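This note's numbering applies: residue 346 is where the sequence shown begins, and numbers increase by one.
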Amino acid sequence: MSVAHVVLLPKKARPFYGRHPWVFPGAISHIEGDPEDGDEVILIAHGGQPVARGFFNSQSKLRVRLYSWKPELPIDRAFFHEKISEAVRLRDDLGLMDPDGACRLVNSEGDGLSGLTIDRFGGWLTVQLTSLGLAKRKDMIVECLLDIVRPRGIYLRTEKGVSQLEGLDLRDGPVWGEEPTGPVRIKEAGLEIFAHLTEGQKTGYYLDQRDNRQLAGRLAHGRTVLDAFCYSGGFALHAAKSGAKSVVALDQSEGALDLARKNASHNGFSIEFHKAEVFAELARRKEAGEKYGMVILDPPKFARHRGAVEDALAGYRRLQTLGIELLEPEGYLVICCCSGLIAMEQLEEIVQQVSTTLKREVQLLSRTGAAPDHPISITCRESGYLKCLIMRVLDKSR
Ligand code: SAH
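Below is the structure:
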């Protein structure tokens, strides 16, 4: 059977010639052929020229996800083998393929594979599939991984809500080889960290913060540190490693704290962990007159859709206010935001407003995103989500 054609409306082809991978229904004129969900289709400009090739899904707002700009060639095993190999070469160049280390091996759009996220934790891989087209080719992807990475085991993780958005029927579970029986130990910049691949948040560990944790850690030397939203202890562990005077870490999840405690004791650090709701706990500590030499705020995603952006901005404003109020003069503040719908400029704008109100002067030391094993495709910049600001906060009254 020949491949169906998805024909664009007039003047809608430009982003796709520019290699944007997402085709929304509003750009489509009609379909020639009768593709099933997950089938390969060729995207055709209104004038009749083939533009790109991708997978069709009538159940998704991303009606077609594009993968190849050689519309005449099939998206087959050889295609995936080459794309995944290309992704692995980057991690190799970054020095992240140490057998005991961890890294993001494939970063969805950033590696030209929209809907495929693969993390490596030592010999184990976790795979997330958020596109129906790729989910239908799961076995092919696994075969490529066996050939390229030779893992000990591959475990499938699913993201809440995504199955519904894409009409996917996937469950967490092993897809190949050994299944990790408990937290897996990985190395990160001189630390040994346990990541829970089968139950943990994300795919077990926040690999995206790797480099930000190291810079924050360096600045924590000799300071009293408060790591709110600590999860398995990432920032807190780095602060302790670089000689912080004391480290307090907060999270509302008991499971996260268990893992964080295990990580601290395994590395020989004494970190004070508390189960707490961060907004209330920071307010309480402020009322009690507590001050810290460094405050780290790495909250979960506040804005999941456009309608939630205003509330999310208010949340970040409140957090920054509390964070700054808890700082000693010349203290360091780390603020992260993983809501893709909020731009770096908006985050900085809030910092400016809050610091003016509180009469503080803020020096931006570093404004980064995720570590480089989370590349962002220049043609799909909206897939970059993480923002991290590291700042020194001075008292203006002095
Ligand atoms: N900084 C961590 C990642 C943080 S993820 C790292 O480097 O690994 C965000 C964490 O915030 C999660 O562990 C989640 O359990 C926690 N969390 C979310 N909302 C919270 C709240 N209101 N109070 C306390 N913890 C919260």
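Each residue gets a CB set at the ideal place from its N, CA and C atoms; glycine is no exception.
Nothing here was measured: the structure is a model prediction, and the numbers come from that model.
C-alpha gap between residue i and residue j, whole angstroms
| i | j | result |
| --- | --- | --- |
| A390 | K415 | 14 Å |
| E511 | A585 | 42 Å |
| T526 | G498 | 11 Å |
| E622 | V351 | 49 Å |
| N557 | S711 | 9 Å |
| G392 | F424 | 28 Å |
| N612 | G634 | 31 Å |
| L474 | K428 | 16 Å |
| Q665 | S722 | 30 Å |
| S728 | G455 | 7 Å |
| G446 | R434 | 16 Å |
| R606 | K532 | 17 Å |
| Y661 | V738 | 17 Å |
| S587 | R568 | 10 Å |
| I695 | A581 | 25 Å |
| N608 | D437 | 27 Å |
| H566 | E537 | 19 Å |
Extent of the continuous alpha helix (DSSP H) run through residue i
| i | result |
| --- | --- |
| A447 | Premise fails: A447 lies in the beta strand (DSSP E), 447-452, not in any alpha helix (DSSP H). |
| L542 | That residue, L542, is in no alpha helix (DSSP H); it is neither H nor E in DSSP. |
| C681 | It is not in any alpha helix (DSSP H) - C681 instead sits in the beta strand (DSSP E) that spans 672-682. |
| L479 | 477-480 |
| A625 | 623-632 |
Neighbourhood of residue i by C-beta distance below 8 Å, restricted to the same chain and skipping five residues each side
| i | result |
| --- | --- |
| S508 | D514, L515 |
| G522 | P496, R497, G498, I499 |
| H426 | C489, D492, I493 |
8 Å contact criterion, which residue i and residue j should meet: CB distance rounded
| i | j | result |
| --- | --- | --- |
| F361 | L411 | 6 Å |
| A601 | V570 | The Cβ separation is near 18 Å, so there is no contact. |
| L642 | E670 | Not really, about 12 Å apart at Cβ, beyond 8 Å. |
| R408 | F400 | With a Cβ gap of about 10 Å, R408 and F400 do not count as contacting. |
| L672 | K636 | 7 Å |
| K732 | C681 | 7 Å |
Sequence-distant residues of the same chain with beta carbon closer than 6 Å to residue i, five excluded per side
| i | result |
| --- | --- |
| S748 | Residue coverage of the chain in this structure runs from 346 to 743, which leaves residue 748 outside it and unanswerable. |
| L479 | G460, L461 |
| S413 | R398, I420 |
| H719 | R449, N452, D553 |
| K646 | C683, S684 |
| G668 | V640, L642, L678 |
| Y593 | The question names Tyr, but residue 593 in the sequence shown is Val. Result list for V593: L571, E617, in chain order. |
| L627 | L667 |
| Y730 | C683, G685 |
Residues near residue i in its chain [Cβ-Cβ closer than 7 Å; skip 5 each side]
| i | result |
| --- | --- |
| D740 | P674, R705 |
| A765 | Given that the chain is displayed from residue 346 to residue 743, the structure contains no residue 765 and the question cannot be resolved. |
| T724 | G363, R364, H365 |
| W469 | P496, R497, G498, Y500, P525, V529, L542 |
| V348 | E385, V386, I387 |
Residue-level contact to chain C via CB, residue i, 9 Å cutoff
| i | result |
| --- | --- |
| P674 | Here there is only one protein chain, and chain C is not present. |
Terminal residues of the beta strand (DSSP E) in which residue i lies
| i | result |
| --- | --- |
| P519 | 518-522 |
*alpha helix (DSSP H) runs wholly inside the region 371-443, at least 4 long, in chain order*: 422-438
_Runs of beta strand (DSSP E) wholly within the region 535-614 (minimum 3 residues, chain order)_ = 536-540, 569-573, 591-596
_Please give me, in chain order, every unbroken run of the beta strand (DSSP E) with length at least 3 that falls completely inside the region 690-725._
705-713
*Which residues, in chain order, sit with a beta-carbon under 5 Å away from any heavy atom of the ligand NAP?*
What this structure holds is the ligand SAH, not the ligand NAP.
*Output the residue ranges of the alpha helix (DSSP H) runs that lie fully inside the region 458-513 and measure 4 residues or longer, sorted by chain position.*
477-480, 483-493, 507-511
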